[in-house]
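Each number in the numbering used here corresponds to the 1-based position in the sequence shown with 1 added.
Since the structure comes first, as structure tokens, the remarks are kept for the end.
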Amino acid sequence: MLNDNISFVVAAIVAFLFGYLWCYGGGGRRLPPGPHSNQSFFSVSKPIPKDPRGPWFAFDALGKQFGPIFSFFVGRTPVIVLTKAQIAWDLLEKRGEIYSSRPRQIMAHEILSNGMRGISSPYGKYWRAWRKVQNTGMSGRASLTYREHQTLESSVFLRSLLEDTSHYREHLRLFAASVVLSISYGRRATSLDSDIVQQNRNSVFAFQRASIPGQYLVESWPILLWLPRWMQWFRRDAEESQARDIKLYTSLLQEVKEKMQKGTAKECMGTRALLARDSYDVSDLELAYFVSAPFGPGIDTTTSSMEVFLLAVLRFPKVVKKVQEEIDRVVGRDRMPAFEDEDALPYVRAFIKEFERWRPIAPMGLPHSVIRDDEYDGMHIPKGATVYGNIHTMMQDPEMFPDPEAFRPERFLDTSNPRLVEFTLPFGFGRRLCPGMHVASQSLFILVTRILWAFDIVPIGEKLPDVHDFVSTGLSSYPKPFQFTVRPRSADVEKLILAEATEAEVRLKEWD
């Protein structure tokens, strides 16, 4: 009898281990290649080499070693990296029903954001409600609502740049902050020192820091959440930041509600969300988080993109001359460019796509998570795996972009490839595509065309800025500061800029 019991226990343990390994080790199916010891549950990865330029460079090196789809482990979690755009489209877009979730983020999403930020939410009902609110505020059609505000703010920006190029980043940030405030709340920013802008910047910084892999011990050891709450030391700063976020977001949405009651509210995401309040099935606080979404990353992304533009202008003057020739031919010298000119400026549009490709500001995007097992090209992609599309490598793919380091807007003109005509690659993939891409594209168009219509941008001194000298935040990238000056391209430019900026400020008081 004893021997029978021992045999039963041994058989049960063997069956359990076999089933466990089958479920979590892919049942013997092969993971994508990578720097791990084998293909089983007991795989361990060699340390991923760190690169001070950003993790996307480390991923690029591993892709050259292991191929366009490779894997490694962070703890027990498999991480899959895609370095070819077509593979990313095949998986993250065509199989979006299983690749559109997010990996668990204990600090950034669960603690700091109390599970309410849509950008880091798992795929499901809550995320779909968040996305619906974003679409009502920033879809292709809705984004047209903000063109007047973007035009007026661009006039104020041109005057600031004319008067002082040394603070170009601050001028860009103020433009971007005012635009995203108009999108979310129908108001503007008049200073980067305002409490609203400063609080938002602190909130964005806290979220970015909490999102960096390995920043907090609890991400690797979630068992720490079992400790009594007062012993969870990692919560304190995050929960203080969360309290400040809640106060900011709820007060801003309440302000929109009060303006609607008075009949003075500007149309924005806040007004649309409040009018459709009952259709979302979320709390008032969750709705406040929904409406705040553009106010977070929208400032940094627009600012960084425009810094890449300025870098490209300084480094590629011959290309800039072609852009200016097209603008002068279509617009003339008696007025500034407007959104109505866009269809007649194909080279300008190609130029914008090229600097977005040349130095992407979100080089590896945000991670996706797989909600069930999948197979691709004979490789196993297990449920729960984290998946990155390494946009940096995709933009440098010589098959898709011949001679990728060359700056050639013509590559977007001499093509019928719909992927290059639309060119959403800088904004992510599939159902997690950036909902603000239409508004962002509008901001880039009006700033780029007006800057190049008005000014020749020239370096100070003989040394040009290094095209590889970028700052990495762990999630994004932007050029290190550089110096330049601007020269009005005709005698009447300065006079026209000052007149337009004065008129714009009068009209912008409606948003104050």
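Think of the CB as a built atom: it goes at the ideal place given N, C-alpha and C, for glycine as much as any other residue.
Which one or two residues does DSSP pair with residue i in a beta bridge?
i: R488; result: D457
i: F73; result: V80
i: M380; result: Y377
i: V388; result: I81, H369
In three-state DSSP terms, what is residue i?
i: H369; result: strand
i: I197; result: helix
i: R50; result: Sequence check: residue 50 is Pro here, not Arg. Coil.
i: S284; result: coil
i: P104; result: coil
i: T394; result: helix
i: Y169; result: helix
i: S156; result: helix
i: T265; result: coil
i: V309; result: helix
i: G28; result: Any reading at G28 must be qualified, since the residue scores a pLDDT of 48, below 50, and its modelled position is unreliable; the value itself is stated next. It is helical.
i: F471; result: strand
i: Y1; result: For the chain, the structure presents residues 2 to 513; residue 1 sits outside this window and is missing.
i: L22; result: The pLDDT assigned to L22 is 43, lower than 50, so where the model puts this residue is not dependable; a value taken from the coordinates is nonetheless given after this. Correct three-state label for L22: helix.
i: L113; result: coil
i: I213; result: coil
i: F424; result: coil
i: A505; result: helix
i: D238; result: helix
i: A277; result: coil
i: N418; result: coil
i: W128; result: helix
i: F356; result: helix
i: G271; result: helix
i: K496; result: helix
i: R148; result: helix
Closer than 7 Å by C-beta to residue i: which residues in its own chain qualify, once you throw out the five before and the five after it? Chain order, please.
i: V331; result: D342, A345, L346
i: G28; result: Caution is warranted here: a pLDDT of 48 is assigned to G28, below 50, making its placement in the model unreliable, and the coordinate value is therefore given only provisionally. Same-chain partners within the cutoff: there are none.
Enumerate in chain order the residues of its own chain whose CB-to-CB distance from residue i is below 6 Å, with the five nearest sequence positions on each side excluded.
i: W57; result: P364, M365, N391, H393
i: S179; result: E154, R189, A190
i: Y124; result: S101, S102
i: S221; result: G76
i: I458; result: V314, F485, V487
i: L173; result: T304, M307
i: A351; result: P410, F413, L414
i: V219; result: I107, L225, F235
i: K133; result: none
Going by Cα to Cα distance, which pick from the options is closest to residue i?
i: R488; options: L163, S306, P410; result: L163
i: K260; options: L275, M401, V324, F67; result: L275
i: F485; options: R373, L421, A313, I112; result: A313
i: L113; options: N418, S144, S212, D375; result: S212
i: M117; options: R54, Y290, R350, V321; result: Y290
i: S140; options: M307, R432, G437; result: G437
i: Q243; options: P229, A266, A207, E268; result: A207
i: P460; options: P482, I447, S473, F446; result: P482
i: R336; options: V257, L83, L499, F408; result: L499
i: E443; options: L367, V472, R148; result: The question names Glu, yet the displayed sequence has Gln at residue 443. Among L367, V472, R148, the Cα nearest to that of Q443 belongs to R148.
i: Y169; options: S284, P480, L509; result: P480
i: I120; options: K496, E495, S473, L434; result: L434
i: F1; options: M396, F408, A143; result: For the chain, the structure presents residues 2 to 513; residue 1 sits outside this window and is missing.
i: K126; options: Y377, S370, V283; result: V283
i: E287; options: E256, I247, P298; result: I247
i: L509; options: A62, A86, R142, S183; result: S183
i: T78; options: G64, P104, Q325; result: P104
So, residue i versus residue j, is the Cβ gap smaller than 8 Å?
i: G68; j: P36; result: no
i: S293; j: Y250; result: yes
i: Q200; j: R245; result: yes
i: G271; j: G333; result: no
i: F310; j: V449; result: yes
i: E355; j: P410; result: yes
i: V321; j: L453; result: yes
i: T146; j: E268; result: yes
i: L32; j: V388; result: no
i: I99; j: I70; result: no
i: I353; j: F428; result: no
i: G297; j: S204; result: yes
i: G97; j: G475; result: no
For residue i, collect the residues of the same chain with a Cβ closer than 8 Å to its Cβ; drop the 5 residues on either side in sequence, then sort them by chain order.
i: V468; result: L312, R316, R360
i: S192; result: L175, V198
i: V472; result: S478, Y479, P480, K481
i: C24; result: Interpretation of C24 is limited by its pLDDT of 41, a score under 50 that renders its predicted location unreliable; the figure taken from the coordinates is listed afterwards. Here the set comprises nothing.
i: A502; result: S156, V157, L159, R160
i: S167; result: Q484
Is the CB of residue i under 8 Å away from at least one CB in chain B?
i: R350; result: Going by chain labels, chain B is absent from the structure shown, which holds only one protein chain.
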